[in-house]
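Quick mapping for you: the protein sequence lines, in order, are chains R and C. For the first sequence, position 142 matches number 142 in our numbering, and the numbering has no gaps at all. Throughout, our numbering is defined as the position within the second sequence, counted from one, plus 10000.
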Amino acid sequence: MLDSQREAIQYYPQNARKLKRGHSAKYIASCIEEIKNELKQDNMAVKANAVAKLTYIQMLGYDISWAAFNIIEVMSSSKFTFKRTGYLAASQCFHEGTEVLMLTTNMVRKDVNSANQYEAGISMSGLACFTSPDLARDLANDLMSLMASTKPYVRKKAVLLMYKIFLKFPEALRPAFPRLKAKLEDPDPGVQSAAVNVICELARQNPKNYLSLAPLFFKLMTTSTNNWMLIKIIKLFGALTPLEPRLGKKLLEPLTNLIHSTSAMSLLYECINTVISVLVSLSSGMPDQNASIQLCVQKLRILIEDSDQNLKYLGLLAMSKILKTHPKSVQNHKDLILDCLDDRDESIRLRALDLLYGMVSKKNLMEIVKKLMVHVDKAEGSIYRDELLSKIIQICSQNNYQYIINFEWYISILVELTRIEGTKHGHLIASQMLDVAIRVKAIQPFACKQMAQLLENTHLIVGTAVQANGICEVLYAAAWIVGEFPQHLLNPRHTLDAMFHGRITSLPGHIQSIYVQNIVKLYSAIIHQLEEEEDKEKCQETTLFMLEKLPQFTASAHLEVQERACCIIQLLKYVNKLLDKDVWVAEELTGLFEGELNPVAPKAQKKVPVPEGLDLDKWINSPPSDDSDDEVTIDTMFIHDANRVNHTPVYEELSEEEMEKRRAARRVDQANNPHYLKDDKRLKPKKKKLKDLAAENSTVDSIPVAEIDLNVPLHVPGISVTDEYMKKANLQTKKKHRKKHKRGKRGRRDSNSSDDIPVAHKVDIVEEEMPEGADLSDHDGEDERPADDPHRALDIDLERPLDEGDRLPVREHYEVGTGLKLLDKSEGAPTEKPKRKHRKGKEEKSGKSKKEGGKDKKKKKKKVHKETEGVSKQPPEDGESQVEEPNLMGGAEEEEEIKVNGVTEKEVPQTQDVEEKKEKKVDETKANSTNEMDDISYWLSKDEEAEKIKPEEINDAQPKETEVTEGSKKSKKEKKSKKDKKKDKKKNHHVKEEYEQVGNGETSNPTSDAPATEDPQPAPIPPMSSYRLLAENPSIKMTYETRIDPKQTNQVVISVIFSNLTSNHLKSLEFNVLDSLNTKLIREIGASTHDGVKVPFQLPPSATNEGQFAFTINSINMSQKLRGTLTYVVKDDDGSTSEKLDFKVHLPISSYVTATPCNSDQFARLLSGGDLTGKSSVTAQLGNSEFPEVVARICFHAHLGVVERVESTVSLYGRSIQGHDICVLIKAMPNGSLSIDGKSTDASLISNFLDEIRSLGS
Amino acid sequence: MIKAILIFNNHGKPRLAKFFTHYNEDDQQQIVRETFHLVSKRDDNVCNFLEGGTLIGGADYRLVYRHYATLYFVFCVDSSESELGILDLIQVFVETLDKCFENVCELDLIFHIDKVHHILAELVMGGMVLETNMTEILTRIEEQSKIEKQEAGLSAAPARAAAAVKNINLPNISTSNIHLPNLPSFK
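Next up, the structure:
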């Protein structure tokens, strides 16, 4: 370790010591001075040391962004040690908004591509912490290639880093996805796990796009033993199952097996979790569903009973998930959960509380609440007590008081809760009291009496300290209830006295004003009563009492209190005068407070329906139409943004017609009912069944009742205690006593007067009012993610095959040139770069013209996109159009495309020619994605067919699938019976699967071979095969073809079909090739160049199988011939003999080329641009074959795509895996020969390539 | 995803803070304080999971922590991570530290904070778990320190000697080791 670093280390303890002494700020300031000096020195070691110190200081909370420049300096050091220090500092303090980040692009690029894997490693780790959109865009391509690095350490990091790139640069997702997917099957477990990790993260946010990966993950799940990865996969399945119930069914069995077999608790727990989500997603009707639920609950019980608190906690967490759908199974374990309430760990108690919420029923509500009340008294710490309190209220009030059978009991509970000291939930209790008293008419007399008791005992509630939102809030409710329903009071005058009693003026203002108001209400009720009794003396006495007591409020600091008090005093004086004159005033007085309040639903305002004929989007006044420039912005403000239109600006006025309509409606309403609007339709009187009660009460007695130890006497004289209700209810059912309650005055329908239903307490719950015609359904949860969530942008369709838009930006030199030049270069489209701020300087240098060019280019590309969409929305016309979009994804697909492209430009008419082509392409891509989706349904339905469960859904899918595969042919097959069809489908499918599995490179990019196979040729082209003979002897035959992955720049795969020609068993096949400098066989890790690659299968008699072997290649500009040997063992009756077969693999240049779609415009630009420096031309004899046939053959074997065909001239385009553009022009000469001209970026490549084409042509 | 990794001692002094989402320094300190407040008042025999604080995360996030002697190791993770898995990861992290520092104690973390960061970088990258296999992690760390030693070369030798002498007179902050592995691993 360096001297300087040792110093840095010495620094830390001092630092810590001084900090303890409280010198921190001063001390740190002096340190920073010192560091600043060190940073000024030239010695890199000193600088690195200073940066290391800064990292420490940053941890202590000091901003070090001022040193960002120096950090970058250290990062760029050539020494690993310093570099690492620099990257560490950067990862700690750089972030997206750090401006100097733009300076790092090239340095980071150099570092990630470093030959030293650890240098690459630290830079990637650092980058993962400070990726910015700019960096992500610029480095995406480098990281893509690093994902294919030969070092697993680098691959692993690159894969993980890609996730960060996707977040900042969503456009990278589609092009990178195939490779990412391939990494799921990487030989290195670390890389595999990283890929799983990334895909899980992606899929968690947008699960529907990743459904197609389910089979792959399923395979991984059943084969892998890496618990960490299994957990991730299982979690991912948990996210996928809600989208595809069939997947859930398929998962149940392996998951159940895992649950039984695994010893790792973490894995067990995740399995249970996923099984739960599977069961949730399955609509009932599965016969073995109950078994699975039972298994889960059983296992969870084991977890909860475990002594390990962690398992207990998680067990409860998972239980709550089951609870939502299968409450019954959980309710069986009520004992366990109630036990958890006694746990010493608060988080566990809170979890258990959550569970209780879902476990209550009419039967056990009283019992559970009673238990909770005991806990409230025992609870230490106000937070937990408050939590308990709010939970009790939540449990009782849930679902519109669904589980409460006796509201007297509930009111008593609420009153009991007011005895809790220091709670913050006074307001909650108060609102419950109000709600119940208003909405449950039958309870009003009881509530009123209880509230009167409360008011008489205010000293108990208010105590010494009055705090906001404290328990004193309940007085608000009490005062209001007493004032509103004075007719139920036993002794109104007594209550009135009580309300003036105590330290009311120390209550919060809003409570005082309620007091004042309700005192008057109460007073008027008393006067009313007294006048009926004609007790004039008492009337006057009461009035004088009021006049004497009220003035204490007129001096209140709270405006409202003061104002009300003053008004009322004046009123009372007047009343007093009238009373002196023997005038009866009760009528008038009560008239002041007439009318009833009806509860209005909180959402009522929102749900007022838009009246018919009212168009909120319509302009009421025509928009301002002056010629000023502002007009444009106003237009875009309102018309451009679709979301915005819905919000009608507040200042908009209603048209006269509308106003009239509304007024009329209001008048009708008012005429009908001046005071309140009743909505009778929705009244649902609550009833209680006898049976429930009986069952409930039989258990109550057996509960051990703990004595409550309270400082405050719980039994306030006159206040009933809840226990009595339980006893009462008990007694009631035992005797089958029928208790009948007087219904409230405004009691509802006669239907609840049916006397044969005995209830503890008959209850009417008044429904909250809603405007007429309001939509009752709740659909408020539309927006789940915030608009700035990066995952929104990652909602990208991954099934759609890659097209030219899906390229990662590749590094390029900035050219000083005209806009036109740039346009030319853009042909390949990978260079598409949005403008960057920090390059502004450079761009300005290169002149405005370039900028414009860039813009043009961008526009053009968008147009193209738009067009594709436009076409894709048209009803398809040709044969393939019969392919129906699978409803799984199809619908969403188009939307996504739009989202991705976000095109706003208007469509521009293009030539018919191009359009047709597009159409074709779109259809193909459609068909392709359909296929992929059908693969999933096939994979999913396979199971079901085996089980002989054939839901109609699958049957429907079958003919569809047949159409998919046979599509345009419309052959006789369609007439075949359904049975045959099914067979066909299966066969087809296997073929297809094999093809895809094998196809790796080319088929993953279906557009690439599209022009070859979909050649718009009327003349039939003889079938062609790209398989060539590799070698043959009497016992074995090998044919092969080459394949490439367009995203792998230095790899080619040869796929060899081995056919066993003997009637013996062939085994131990080993494939070896003599490596050349340029081309090397990829062997197992650690194998020497002389070792062969084992063929992963044996060959039974006359069997055929296909194996793949990958080669790395450096340069692709000439064809390669590699010598190799296949060794194998023939096993016959006599024993085994070892044999060998020599062969030569020919890798022509064409094997590195892919047909890439290219339209004639792009082609022309490419040719006129100066990049294609390599030129070559050859002639060939046409021979016997026709020109179109020859062209098709060339296209097929040389992997070129047709750009344009004009009579006997055809232009072809292809791209090598290393990015060479290859343009070929073929002309049929009148003399029967072919003239072939080629242009490419590499001269030797094109000349060798044309030689190959010549041999193909003739 | 892991949102943050914090190590602080029994007094709430930060010993390592790694945030995978950006917070400014003041927020970071606030988060450390808040987390310490949440974690420190819990007994050692209660569960190791905690609903996240208000500053970091929200409903989707939870704190998974372990307490070793004088240090708290706290991971703030979202719902995509398995809680038990993260507990395991903390154990791997601490065991790796123990191997690298030979009986790791709080002092090691103060002295070699950079090294601790480098070790952590082999486990977690950008908030995602990179490697859980301890042998693999140790190999990588080993190889990197080899490079470091090569670069330092001979010139570092005297410095090392001097530092060793200095170390002897170091103040005694807390040398109690983290004591591994004294907790029941959940297998």
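Don't be surprised by glycine CBs; every beta carbon is placed ideally from N, CA and C. Owing to the predicted nature of the structure, the values given are computational and were not obtained by experimental measurement.
Exercise. In the DSSP assignment, find the beta strand (DSSP E) that holds CYS1223/R and state where it starts and stops.
Key: Counting along the chain, the unbroken beta strand (DSSP E) around CYS1223/R starts and ends at 1221 to 1228.
Quiz item: Residues of chain C with a CB under 8 Å from the CB of ILE231/R: which are they?
Solution: Using a Cβ-Cβ cut-off of 8 Å, ILE231/R is close to SER10082, GLY10085 of chain C, given in chain order.
Self-check item: C-beta contact flag for THR1156/R and ILE1113/R at 7 Å
Solution: No, they are not a contact pair.
Quiz item: beta strand (DSSP E) containing ILE1054/R: first to last residue?
Solution: For ILE1054/R, the enclosing beta strand (DSSP E) covers residues 1051 to 1060.
Quiz item: Got a sec: which bits of the segment 211 to 228 of chain R sit with their beta carbon under 7 Å from any beta carbon on chain C, in order along the chain?
Solution: TRP228
Quiz item: Is the segment 362 to 371 of chain R in contact with the segment 311 to 325 of chain R, if contact means three or more CB pairs nearer than 8 Å?
Solution: no
Practice problem: List the residues of chain C that ARG344/R touches, going by C-beta distances under 9 Å, in chain order. | Solution: ASP10043, ASN10045, VAL10046
Quiz item: Which residues, in order along the segment 376 to 387 of chain R, keep a beta-carbon less than 7 Å from a beta-carbon of chain C?
Solution: From the segment 376 to 387 of chain R, no residue has a Cβ closer than 7 Å to chain C.
Self-check item: Closest Cα partner of VAL1178/R within the set ARG1205/R, PHE593/R, SER1160/R, VAL1224/R
Solution: For VAL1178/R, the closest alpha carbon among the candidates ARG1205/R, PHE593/R, SER1160/R, VAL1224/R is that of VAL1224/R.
Quiz item: Do three or more CB pairs link the segment 229 to 243 of chain R to the segment 179 to 196 of chain R at distances below 8 Å?
Solution: yes
Quiz item: For THR10132/C, which residues in chain R fall below 7 Å Cβ to Cβ?
Solution: Within chain R, the residues near THR10132/C are TRP228.
Practice problem: Per DSSP, which residues does PRO10014/C bridge with? Please list them. | Solution: Paired residue(s): PHE10008/C.
Exercise. Answer yes or no: do GLY483/R and ASN518/R have a C-beta to C-beta separation smaller than 7 Å?
Key: yes
Quiz item: Nearest CA to the CA of ASN227/R: which residue from ALA214/R, SER261/R, ASN206/R, ALA239/R?
Solution: SER261/R
Practice problem: Go ahead and label ILE302/R buried or exposed: buried means 16 or more other beta carbons lie within 10 angstroms of its beta carbon, across all protein chains shown. | Solution: By the neighbour-count criterion, in which 16 or more other beta carbons inside 10 Å mark a residue as buried, ILE302/R falls on the exposed side.
Quiz item: Do ARG174/R and ILE796/R come within 7 Å of each other at the CB atom, strictly closer than that value?
Solution: Yes. Within cutoff.
Quiz item: If we count the other Cβ atoms within 10 Å of its Cβ and call it buried at 16 or more, is ASP10026/C buried or exposed?
Solution: Classification of ASP10026/C: exposed, given that the 10 Å Cβ count is below 16.
Exercise. Round the Cβ separation of GLN432/R and ILE393/R to the nearest angstrom and send it over; I've been treating them as touching at under 8 Å.
Key: Indeed, because the Cβ distance is near 6 Å, the residues count as touching under 8 Å.
Quiz item: Since CYS129/R is in the beta strand (DSSP E), which residue starts that stretch and which ends it?
Solution: Here CYS129/R belongs to no beta strand (DSSP E); instead the alpha helix (DSSP H) covers 117 to 130.
Self-check item: Under 9 Å by beta carbon: chain C residues contacting ALA158/R
Solution: At a beta-carbon threshold of 9 Å, none of the residues of chain C lie near ALA158/R; the nearest stands roughly 10 Å away.
Practice problem: Please compile the residues from chain C whose C-beta is within a distance smaller than 7 Å of the C-beta of LEU52/R. | Solution: The amino acid at residue 52/R is misidentified as Leu; the sequence shows Ala. Going along chain C in sequence order, the residues near ALA52/R (Cβ under 7 Å) are ASP10114.
Quiz prompt | CA-to-CA distance, LYS156/R to GLU1139/R, given in whole angstroms | solution = 40 Å
Practice problem: For GLN10091/C, count neighbouring Cβ atoms within 10 angstroms of its own Cβ and tell me buried if that reaches 16, exposed if not. | Solution: With 16 or more Cβ atoms within 10 Å of its Cβ, GLN10091/C is classed as buried.
Quiz item: Cα separation between SER91/R and SER125/R?
Solution: 8 Å
Quiz item: Are any of the Cβ atoms in chain C nearer than 7 Å to that of GLN41/R?
Solution: no
Quiz prompt | Bridge partners - THR1079/R, DSSP secondary structure assignment | solution = ILE1113/R
Exercise. Output the boundary residues of the beta strand (DSSP E) element that contains GLN1120/R.
Key: 1120 to 1132
Practice problem: Hey, could you find the ends of the beta strand (DSSP E) CYS10076/C is sitting in? | Solution: First-last of the beta strand (DSSP E) with CYS10076/C: 10071 to 10077.
Practice problem: State yes or no: is the beta carbon of ILE703/R nearer than 7 Å to at least one beta carbon in chain C? | Solution: Any reading at ILE703/R must be qualified, since the residue scores a pLDDT of 43, below 50, and its modelled position is unreliable; no value is offered.
Quiz item: Can SER1216/R and VAL1153/R be called in contact, C-beta distance under 7 Å?
Solution: yes
Practice problem: At 7 Å on the CB atoms, spell out the chain C contacts of GLY238/R, in chain order. | Solution: The contacting residues do not exist; GLY238/R stays about 10 Å from chain C at best.
Quiz item: Is it buried or exposed for SER30/R, if we count other Cβ within 10 angstroms and need 16 for buried?
Solution: exposed
Quiz item: Assuming GLY1092/R contacts ASN1072/R under a Cβ cut-off of 8 Å, what Cβ separation, rounded to an integer in Å, is found between them?
Solution: 3 Å
Exercise. Count the other CB atoms, across all protein chains shown, that sit within 10 Å of the CB of MET1229/R; report buried if there are 16 or more and exposed otherwise.
Key: exposed
Practice problem: Report all residues from its chain with a CB closer than 7 Å to the CB of ILE55/R; omit the five preceding and five following residues, and keep chain order. | Solution: Reading off the sequence, residue 55/R comes out as Thr, not Ile. Listed in chain order, the non-local C-beta contacts of THR55/R below 7 Å within the same chain comprise LEU88, ALA89, GLN92, local neighbours out to five positions each way being set aside.
Quiz prompt | Identity of the residue in GLY358/R, LEU1030/R, ALA477/R nearest LYS449/R by Cα | solution = ALA477/R
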